[in-house]
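Chemist: Those letters in the first sequence? Residues 829 to 1321, per this note's numbering, in order.
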Amino acid sequence: MSQPARVRFAPSPTGFLHIGGARTALYNFLLARQTGGQFLLRIEDTDQKRLVPGGLEDLLASLRWLGLQWDEGPEADGVCGPYLQSQRKEIYQAHADELIARGSAYICFCTPARLAELRTRQQQRKESPRYDGLCRRLTPAEAEARVRAGEPHVVRFKTPREGATTVVDVLRGEITVHNKDLDDSILLKSDGWALYHLAAMVDDHLMMITHVIRSSEWLPSLPLHAMIHRAFGWDEPKWCHLSVFLKPSGKGKMSKRESAELMKEGHSVFVRDLRELGYTPEGVINWIALMGASFDEKQDVFSLPELVERFSLDHLTPAAAAVNFTKADHFNGVHLRRLAPEELARRMRPFFEKAGLAADEALLRRIAPLIQERVVTLDDGVEMAGFFFREHVVSAASDLVGKGMTSQASTEAVHAASEILADHADLADPALEAKLRDLAERLGLKPGQLFGILRAAVTGQTVSPPLFGSMAIIGREKVLARLGAAERTLRAM
RNA sequence: GCCCCCAUCGUCUAGAGGACCAGGACGCGGCCCUUUCAAGGCCUAAACCGGGGUUCGAAUCCCCGUGGGGGCACCA
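1) May I ask you to report which of helix, strand or coil DSSP gives Y874?
2) Please list, in chain order, all residues of the same chain as T1145 whose beta carbon is under 7 Å from its beta carbon, the five residues on each side excluded.
3) Using the C-alpha atoms, what's the distance from R1193 back to R1249?
4) Take H1039 and list the residues in its own chain whose beta-carbon comes closer than 7 Å to its own, dropping the five residues that flank it on each side.
5) When you compare the segment 1008 to 1020 with the segment 914 to 932, are there three or more beta-carbon pairs, one atom per stretch, that lie closer than 8 Å?
6) List in chain order: all unbroken beta strand (DSSP E) runs of 3+ residues lying wholly within the segment 959 to 986.
7) Have a look at Q1200, G1214 and G1078 and flag the residue whose alpha-carbon is nearest the alpha-carbon of E1171.
8) In the DSSP assignment, what are the bridge partners of T1004?
9) For Q1289, does the count of other Cβ atoms within 10 angstroms reach 16, so buried, or fall short, so exposed?
10) Count the other C-beta atoms from every protein chain shown that fall within 10 angstroms of the C-beta of A1262, then say buried if there are 16 or more, exposed otherwise.
11) Could you check what DSSP says for L999 in three-state terms: helix, strand or coil?
12) Could you check what DSSP says for E900 in three-state terms: helix, strand or coil?
13) Would a C-beta distance cut-off of 8 Å place V995 and P1051 closer than the cut-off?
14) By Cβ distance, which residues of its chain are closer than 7 Å to I1281, with the 5 residues on each side in sequence left out?
15) Using DSSP with H/G/I as helix, E/B as strand and the rest coil, what is S814?
16) Do the CB positions of V1097 and V1162 come within less than 8 Å of each other?
17) Leaving out the 5 sequence neighbours to the left and right, which residues in its chain are closer than 6 Å to M1176 when beta-carbon positions are compared?
18) With W1067 as the anchor, note down where its beta strand (DSSP E) starts and where it stops.
19) Looking at the structure shown, is Y855 part of a helix, part of a strand, or coil, going by DSSP?
20) Taking 8 Å as the cut-off, decide whether the C-beta atoms of Y959 and D1011 are in contact.
21) So, helix, strand or coil for L891, using DSSP?
22) Exposed or buried, what is S1077 when buried is set at 16 or more other beta-carbons lying within 10 Å of its beta-carbon?
23) Using a threshold of 8 Å, state whether the C-beta atoms of R1042 and D886 are closer than that.
24) Less than 8 Å between the beta carbons of L868 and W898, yes or no?
25) Going by the DSSP bridge assignment, what does Y934 pair with across the sheet?
26) Out of curiosity, what's the CA-to-CA distance linking S1223 and M1299?
27) Please name the residue in V998, P1275 and Q1236 whose C-alpha comes closest to that of A1320.
28) As a quick exercise: from E1110, R930 and T1108, pick the residue whose alpha carbon is nearest that of G1061.
29) Here's the rule I'm using: 16 or more other beta-carbon atoms within 10 Å means buried, otherwise exposed. How should M1055 be labelled?
30) So, helix, strand or coil for F867, using DSSP?
31) Quick check for students: name the residue ranges of the alpha helix (DSSP H) that lie wholly in the segment 1233 to 1300, counting only runs of 4 or more.
32) Terminal residues of the continuous alpha helix (DSSP H) containing L1311?
33) Rounded to whole angstroms, what is the Cα-Cα separation between G906 and S840?
34) Distance, Cα to Cα, F1217 vs I1302?
35) By DSSP, does H1025 sit in helix, in strand, or in coil?
36) Note the first and the last residue of the continuous alpha helix (DSSP H) segment covering I1037.
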């Protein structure tokens, strides 16, 4: 085992937690647990304009639902707090000052208007938009005087103009860029707030982060981030940039509109939606863990503890991965089948209640084994087993007529079956099935023909959980009542 | 436009120079089991982006091309 890793998930609460963020959080969590280290949650909320109401709450709830509890962060105080960047403004300002003192940053007075104009000119000339370094020429005395005079200003990083910067990414090896291709990025805005580049690097250092595991959209600014660490004289953390998720077609990232379309098909990229759609934390975790990774040559079903055991950054792949919702269903079904029936019942209950069915827990517990290998998501049970909770079921007349049979023959079959069933106080009697098979034979029917009619009569469905198990749970009285109703429907044809 | 990253079945991936007529999983198709639907079991089809090198030997290393992705904000 490697040294204990101190890692962090550092989202910005500008929306609801999606599977990309969840997977980043998961890998951080796994490395921390795997190495006996700590998993921190830091909220990057320096840009108050972009915050979404309820975003933070959703984030904490989604992470907890997935089972990714953080060791330090909001609602889990630690020695490195506060863990909300909005409460760390002065820390960043002090570090910006230090960078200026070290000659690695400078104060810039250029107005947004000049910057915009500069950018336009550069684009017209087909040059990359970059700050021209005008304020680099200011002497410290000049700069200080203008600051004191109240002139608006930002702090920029003084990126070397010559040479190249090399940074090592765990998944990709050395990445080298020419410094001339880099910009003098802004570190501190004119309102005094730090930008991500400064805030995140300062916090990662102060919070003693050993591995920065984040989305690969940060790769382009990796050289800047490494230079910031180096400018302070700090040791760099290990950098690990995760592959991005592409839409199912593999062409491009998921857009907002596509996410809405997905929801209609029972899929989503948002954790809160997945939960509502009847996915389990186990299924979602398993699904996203394997998008961009492989932990075993012969096995791909894992629980969270199993993932902790096997996790290693070496198992991650740098290539982008297309999201595959069919696979989410598969993993969800697998994990649903792994649940103890009582647990399945407990988890399905809210979905029955949401559907307006008074789901008695004891009854649900008896039903669970019957539908366990049939449900893909927790809400599937409602459609599959709703008939257990309803007083009456309505069967379509056409469904009550056996395959290849007349309504007359079907009526007789229902009637004869009712008489046999009436003889059994307990429909769980194992002899019952043999008797009904005998009946089928006597009537010259295949078992499937008779059972099909009974299924439709008793459950109101053509597809249902096993007939005998279902009847045993429904009970003789109700079964006979439903059969009687079916007989009346058939006679009326 | 510029910079960076990536490239094995439809999809997620195994593969770190000979163990590969390329393995697993999802999905697809077929068979078995079966009262429906599932689940389960068995089987089939399906890939090393292209071109140059290096090497006795390349899916694996290098270069070029192509394709895909990401980034170029006083957002994160």
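We put the beta carbon where it would ideally sit given N, CA and C, even for glycine.
Only a predicted model underlies this, so the values are computations on that prediction, with no experimental measurement involved.
Modeler: Taking the coordinates as given:
1) In the sequence under discussion, the amino acid at residue 874 is Thr, which differs from the Tyr named in the question. DSSP places T874 in coil when its eight states are reduced to three.
2) S1071, G1120 and A1121
3) Before going further, note that residue 1249 is Leu rather than Arg in the sequence given. Looking at the two C-alpha atoms, the distance is approximately 24 Å.
4) The residues are A833, V835, L859, P1065, K1066 and C1068.
5) yes
6) 982 to 985
7) Residue Q1200 is the option with its Cα nearest to E1171.
8) T994
9) buried
10) exposed
11) Looking at L999 - three-state DSSP - the assignment turns out to be coil, as it is neither helix nor strand.
12) Looking at E900 - three-state DSSP - the assignment turns out to be strand.
13) yes
14) Correct list, in chain order: L1228, G1230, S1238, A1241 and V1242.
15) Absent from the model: residue 814. The displayed extent of the chain is 829 to 1321, so no value can be given.
16) no
17) L1206 and G1209
18) It spans K1066 to L1070 - the beta strand (DSSP E) in which W1067 sits, taken as one unbroken run.
19) helix
20) yes
21) Residue state for L891 is assigned as helix, using DSSP reduced to three classes.
22) Flag for S1077 reads exposed.
23) no
24) yes
25) R984
26) A straight line joining the alpha-carbon of S1223 with that of M1299 spans about 16 Å.
27) Q1236
28) R930
29) M1055 is buried by the Cβ-count criterion.
30) F867: strand per DSSP, three-state reduction.
31) 1235 to 1250, 1259 to 1270 and 1275 to 1287
32) R1304 to R1319
33) 20 Å
34) 9 Å
35) helix
36) Taken as a continuous stretch (DSSP letters only), I1037 belongs to no alpha helix (DSSP H), as it is neither H nor E.
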